[in-house]
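Here's the structure we're looking at; comments come further down.
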Amino acid sequence: MSSQISLNEYNSFKEFLEQHCGLMLGDNKHYLVSSRLTGLLEEFNVPTVGDLIQKIVGRPEPRLRERVIEAMTTNETFWFRDAFPFDILQSTIFPELESKVGGIKVWSSACSSGQEAYSISMATEEYRTKNPGKMRGDVRIVGTDISAGIVKAAQKGCYDNLAMTRGLSPERKQKFFQQAGECWQVNANIKARASFREMNLLQSYSLLGKFDIVFCRNVLIYFSPENKRDILERIRQTLSPRGFLFLGASESLSNYSDAFEMIRCNPGVLYRLK
Ligand SMILES: C[S@@+](CC[C@H](N)C(=O)[O-])C[C@H]1O[C@@H](n2cnc3c(N)ncnc32)[C@H](O)[C@@H]1O
8 MSSQISLNEY
18 NSFKEFLEQH
28 CGLMLGDNKH
38 YLVSSRLTGL
48 LEEFNVPTVG
58 DLIQKIVGRP
68 EPRLRERVIE
78 AMTTNETFWF
88 RDAFPFDILQ
98 STIFPELESK
108 VGGIKVWSSA
118 CSSGQEAYSI
128 SMATEEYRTK
138 NPGKMRGDVR
148 IVGTDISAGI
158 VKAAQKGCYD
168 NLAMTRGLSP
178 ERKQKFFQQA
188 GECWQVNANI
198 KARASFREMN
208 LLQSYSLLGK
218 FDIVFCRNVL
228 IYFSPENKRD
238 ILERIRQTLS
248 PRGFLFLGAS
258 ESLSNYSDAF
268 EMIRCNPGVL
278 YRLK
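End of the sequence shown = 281 in my numbering, gap-free, step of one.
Shown next, in the form of structure tokens:
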């Protein structure tokens, strides 16, 4: 089995990846491509990474396309990532939106294995407990991700011990999860607020409806400036008037959209439709 790839193979794979999921590879990521694709050789019965790339950039069968995208995307995530978005929900956004008839709709737009969506649901549960009777409707969270496998994991809501150590306090673990054999299952009331589906951020959002709050965190960094602008413009269209947007802690809107005002929350930044 060979994992060597030629410059031509690398360049055509790079083009495929940007076209299909927006992910930009630098010029020197041969090693990354080889190491991530080597794991698929046996499954697709091809001898070398070069052969696999030929198959991919031709007309890949859907399963191969799906597995390649899964192999190349970074699914790094954890509970209550950066803390501030979930604190701001509880301190600022829920109090403002709590009397909304029909409840509050949130989109976790690159949800990975569901930690972001379930953290929003846990923050909701805590808010409702501290403010009994104040929220008129409930919070509904839609999680989407390009990767079919990761969406299935999010739907399951079952996490191993390692995942449970990342960002979750012992109190929240005890309050919101049940042990189920080797893993921890998120409680039914937390799970019930969230639904998950496969969706590519480069494709249409028209089936999703409107949201009051969008989380688009730690995914824009992988896209070209044109794709960032396009995604942010289409996120703008999914938001209700004066809707809220959270980006990752190291991401910003500068040069990509002027539709939002920036609110410094200390810690953290929140964006709001003008
Ligand atoms: C680093 S994770 C971020 C997860 C979560 N938002 C967080 O901040 O913890 C990035 C996620 O973006 C997803 N992703 C990458 N390209 C995408 C695309 N074109 N459309 C939708 N999701 C995509 C990946 O599958 C991955 O799960």
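Even glycine gets a Cβ: it sits at the ideal position worked out from N, Cα and C.
Euclidean distance between Cα positions of residue i and residue j
{"i": "ARG66", "j": "ARG43", "result": "20 Å"}
{"i": "VAL146", "j": "ALA155", "result": "24 Å"}
{"i": "ILE148", "j": "SER202", "result": "6 Å"}
{"i": "TRP114", "j": "ASN52", "result": "38 Å"}
{"i": "LEU215", "j": "LEU280", "result": "18 Å"}
{"i": "SER106", "j": "LYS217", "result": "17 Å"}
{"i": "LEU33", "j": "GLY250", "result": "Here residue 33 is Gly; the residue named in the question, Leu, does not match the sequence. Spanning the two alpha carbons is a distance of roughly 34 Å."}
{"i": "TYR278", "j": "GLU205", "result": "25 Å"}
{"i": "TYR229", "j": "GLU133", "result": "33 Å"}
{"i": "ILE238", "j": "ASP265", "result": "13 Å"}
{"i": "LEU30", "j": "GLY46", "result": "20 Å"}
{"i": "VAL193", "j": "MET129", "result": "10 Å"}
{"i": "LEU175", "j": "SER41", "result": "34 Å"}
{"i": "PHE267", "j": "THR80", "result": "28 Å"}
heavy atom of ligand 1 below 6 Å from residue i C-beta
{"i": "ASP152", "result": "yes"}
{"i": "ALA117", "result": "yes"}
{"i": "GLY121", "result": "no"}
{"i": "ASN207", "result": "yes"}
{"i": "ASN234", "result": "no"}
{"i": "GLU83", "result": "yes"}
{"i": "THR245", "result": "no"}
{"i": "VAL221", "result": "no"}
{"i": "ILE157", "result": "yes"}
{"i": "THR80", "result": "yes"}
{"i": "ARG241", "result": "no"}
{"i": "GLY164", "result": "no"}
{"i": "GLY250", "result": "no"}
{"i": "ARG204", "result": "no"}
Classification of residue i by the beta-carbon crowding that lies within 10 angstroms, buried from 16 upward
{"i": "LEU14", "result": "exposed"}
{"i": "ASN35", "result": "exposed"}
{"i": "PHE20", "result": "buried"}
{"i": "ASN196", "result": "exposed"}
{"i": "GLY150", "result": "buried"}
{"i": "PRO54", "result": "exposed"}
{"i": "LYS137", "result": "exposed"}
{"i": "ASN262", "result": "exposed"}
{"i": "ARG200", "result": "buried"}
Task: Inter-stretch contact (C-beta, 8 Å, three-pair minimum) for the stretch 139–154 and the stretch 180–195 - done: no
TODO: Assess, as a yes-or-no matter, whether the stretch 202–212 is touched by the stretch 23–38 under the definition of 3 or more beta carbon pairs within less than 8 Å.
DONE: yes
Open item on the list: For the stretch 104–121 against the stretch 154–170, do three or more pairs of beta-carbon atoms, one drawn from each stretch, fall closer than 8 Å, so that the two count as touching?
Closed with: yes
- [ ] List in chain order: all unbroken alpha helix (DSSP H) runs of 4+ residues lying wholly within the stretch 70–111.
- [x] 91–95 and 101–104
Task: Touching by the beta-carbon criterion (3+ pairs, under 8 Å), the stretch 78–96 and the stretch 123–133 - done: yes
Open item on the list: So, does the stretch 71–80 touch the stretch 238–255, judging by three or more C-beta pairs under 8 Å?
Closed with: no
- [ ] Evaluate contact between the stretch 221–228 and the stretch 167–178, counting only Cβ atoms and requiring at least three cross-stretch pairs below 8 Å.
- [x] no
Task: Start-end ranges of the alpha helix (DSSP H) lying completely within the stretch 209–270, minimum 4 residues - done: 232–245
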